[in-house]
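Novice: In the working numbering, each residue carries its 1-based index in the sequence shown increased by 255.
We put the beta carbon where it would ideally sit given N, CA and C, even for glycine.
I have a structure I would like to understand better, so I am pasting it below and will then ask my questions one at a time.
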Amino acid sequence: PGVPTRTSLENLLTSYFADEAVSSRCEECQSTSAAMKKGILETPLGLILHLKRFEAYQHGGRLVKRNDFVHIPLDLDLRDFCVTDEDPSKYELHSIVAHTGTSLNHGHYVTYVRQPNSDHFLLFDDAVVEHFSGN
256 PGVPTRTSLE NLLTSYFADE AVSSRCEECQ STSAAMKKGI LETPLGLILH
306 LKRFEAYQHG GRLVKRNDFV HIPLDLDLRD FCVTDEDPSK YELHSIVAHT
356 GTSLNHGHYV TYVRQPNSDH FLLFDDAVVE HFSGN
(Lines of atoms letter the chains of each structure in order from A and count residues from 1; the text may use other names and numbers.)
(Lines give C-alpha, C1' and ligand atoms only; values in the text may rest on other atoms or scores of the structure.)
Protein backbone atom coordinates (compact mmCIF):
# COMPACT_ATOMS: atom_id res chain seq x y z
CA PRO A 1 0.00 0.00 0.00
CA GLY A 2 1.11 3.52 -0.74
CA VAL A 3 1.66 6.49 1.49
CA PRO A 4 -1.59 7.97 2.86
CA THR A 5 -2.74 11.03 0.95
CA ARG A 6 -5.08 13.92 1.69
CA THR A 7 -8.23 14.53 -0.31
CA SER A 8 -11.75 15.83 0.14
CA LEU A 9 -15.22 14.40 -0.28
CA GLU A 10 -15.77 16.88 -3.11
CA ASN A 11 -12.70 15.51 -4.95
CA LEU A 12 -13.92 11.94 -4.50
CA LEU A 13 -17.37 12.84 -5.84
CA THR A 14 -15.86 14.71 -8.80
CA SER A 15 -13.76 11.66 -9.63
CA TYR A 16 -16.74 9.30 -9.26
CA PHE A 17 -19.01 11.38 -11.50
CA ALA A 18 -16.34 12.09 -14.16
CA ASP A 19 -17.18 10.97 -17.69
CA GLU A 20 -15.77 7.52 -18.52
CA ALA A 21 -14.47 6.54 -21.93
CA VAL A 22 -16.28 3.49 -23.26
CA SER A 23 -14.93 1.34 -26.07
CA SER A 24 -17.73 0.13 -28.26
CA ARG A 25 -18.82 0.38 -31.87
CA CYS A 26 -21.96 2.30 -32.76
CA GLU A 27 -24.02 0.29 -35.23
CA GLU A 28 -25.37 3.46 -36.88
CA CYS A 29 -22.25 5.61 -37.36
CA GLN A 30 -19.50 3.02 -36.77
CA SER A 31 -17.81 5.33 -34.23
CA THR A 32 -15.60 3.52 -31.74
CA SER A 33 -15.40 6.22 -29.10
CA ALA A 34 -18.03 7.19 -26.59
CA ALA A 35 -18.30 8.59 -23.08
CA MET A 36 -20.54 7.43 -20.28
CA LYS A 37 -21.97 10.30 -18.27
CA LYS A 38 -23.04 9.82 -14.67
CA GLY A 39 -25.30 12.07 -12.64
CA ILE A 40 -27.91 12.13 -9.91
CA LEU A 41 -31.43 12.02 -11.36
CA GLU A 42 -33.28 12.68 -8.11
CA THR A 43 -31.79 13.63 -4.75
CA PRO A 44 -32.92 11.78 -1.62
CA LEU A 45 -34.28 13.50 1.49
CA GLY A 46 -31.43 12.00 3.49
CA LEU A 47 -28.03 11.10 2.10
CA ILE A 48 -25.79 8.28 3.32
CA LEU A 49 -22.33 7.99 1.77
CA HIS A 50 -20.07 4.97 2.22
CA LEU A 51 -16.39 5.49 1.49
CA LYS A 52 -14.70 2.26 0.50
CA ARG A 53 -11.54 2.30 2.60
CA PHE A 54 -10.11 -1.07 1.54
CA GLU A 55 -8.35 -2.04 -1.67
CA ALA A 56 -6.86 -5.22 -3.09
CA TYR A 57 -3.11 -5.25 -2.52
CA GLN A 58 -1.29 -6.20 -5.69
CA HIS A 59 0.89 -8.86 -4.02
CA GLY A 60 -1.39 -11.70 -2.95
CA GLY A 61 -4.73 -9.99 -3.60
CA ARG A 62 -5.44 -9.44 0.10
CA LEU A 63 -7.50 -6.44 1.18
CA VAL A 64 -5.60 -3.58 2.80
CA LYS A 65 -7.12 -0.64 4.65
CA ARG A 66 -6.48 2.78 3.16
CA ASN A 67 -5.61 5.43 5.73
CA ASP A 68 -6.00 8.46 3.47
CA PHE A 69 -7.28 11.61 5.14
CA VAL A 70 -10.63 12.65 3.63
CA HIS A 71 -11.95 16.11 4.51
CA ILE A 72 -15.72 15.88 5.06
CA PRO A 73 -17.47 19.28 4.96
CA LEU A 74 -20.19 20.19 7.45
CA ASP A 75 -22.36 21.24 4.49
CA LEU A 76 -22.44 19.50 1.10
CA ASP A 77 -23.97 20.77 -2.12
CA LEU A 78 -24.47 18.12 -4.83
CA ARG A 79 -25.74 20.58 -7.46
CA ASP A 80 -22.72 19.98 -9.72
CA PHE A 81 -23.53 16.25 -9.84
CA CYS A 82 -27.29 16.52 -10.48
CA VAL A 83 -28.85 16.12 -13.91
CA THR A 84 -31.40 18.87 -13.21
CA ASP A 85 -31.69 21.79 -10.79
CA GLU A 86 -35.22 20.83 -9.76
CA ASP A 87 -34.41 18.85 -6.59
CA PRO A 88 -32.82 20.26 -3.44
CA SER A 89 -29.15 19.31 -3.43
CA LYS A 90 -27.86 20.67 -0.11
CA TYR A 91 -27.13 18.46 2.88
CA GLU A 92 -25.87 19.03 6.43
CA LEU A 93 -23.54 16.52 8.06
CA HIS A 94 -25.21 14.77 11.02
CA SER A 95 -22.89 11.88 11.82
CA ILE A 96 -19.88 9.84 10.77
CA VAL A 97 -19.21 6.17 11.50
CA ALA A 98 -15.48 5.42 11.47
CA HIS A 99 -13.42 2.23 11.58
CA THR A 100 -10.47 2.57 13.98
CA GLY A 101 -8.42 -0.47 13.07
CA THR A 102 -5.60 -1.40 10.76
CA SER A 103 -7.17 -4.25 8.82
CA LEU A 104 -10.42 -5.63 7.47
CA ASN A 105 -10.48 -8.35 10.13
CA HIS A 106 -9.53 -6.28 13.17
CA GLY A 107 -10.75 -2.98 14.49
CA HIS A 108 -13.53 -1.11 16.15
CA TYR A 109 -16.28 1.24 14.99
CA VAL A 110 -17.03 4.59 16.63
CA THR A 111 -19.61 7.25 15.77
CA TYR A 112 -19.27 11.02 15.73
CA VAL A 113 -22.63 12.80 16.06
CA ARG A 114 -23.02 16.50 15.33
CA GLN A 115 -24.90 18.42 17.97
CA PRO A 116 -28.05 20.16 16.67
CA ASN A 117 -27.51 23.73 15.44
CA SER A 118 -23.74 23.67 16.08
CA ASP A 119 -20.41 22.50 14.73
CA HIS A 120 -19.65 20.45 17.87
CA PHE A 121 -19.61 16.65 17.90
CA LEU A 122 -20.04 13.88 20.45
CA LEU A 123 -17.91 10.74 20.13
CA PHE A 124 -19.79 7.49 20.85
CA ASP A 125 -17.39 4.65 21.65
CA ASP A 126 -19.34 1.72 23.13
CA ALA A 127 -20.54 2.91 26.57
CA VAL A 128 -18.30 6.01 26.50
CA VAL A 129 -19.71 9.30 25.21
CA GLU A 130 -17.48 12.37 25.17
CA HIS A 131 -17.17 15.75 23.49
CA PHE A 132 -14.99 15.65 20.39
CA SER A 133 -13.03 18.51 18.92
CA GLY A 134 -10.81 17.93 15.95
CA ASN A 135 -10.75 17.40 12.23
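Given 8 Å as the limit, is there contact between the region 282-294 and the region 316-331, that is, 3 or more CB pairs closer than that?
Specialist: Three or more Cβ pairs closer than 8 Å define a contact, and the region 282-294 falls short of that threshold against the region 316-331.
Novice: Given a threshold of 16 other Cβ atoms within 10 Å of its Cβ, counted over all protein chains shown, does PHE376 qualify as buried or as exposed?
Specialist: buried
Novice: Tell me whether ASP332 sits in a helix, a strand or coil according to DSSP, three-state version.
Specialist: ASP332: strand per DSSP, three-state reduction.
Novice: Which of helix, strand or coil does DSSP assign to SER279?
Specialist: coil
Novice: Identify every residue that forms a DSSP beta bridge with SER350.
Specialist: VAL368
Novice: Does the separation of the CB atoms of VAL368 and ASP380 fall below 7 Å?
Specialist: no
Novice: Please state the DSSP three-state secondary structure of GLU310.
Specialist: strand
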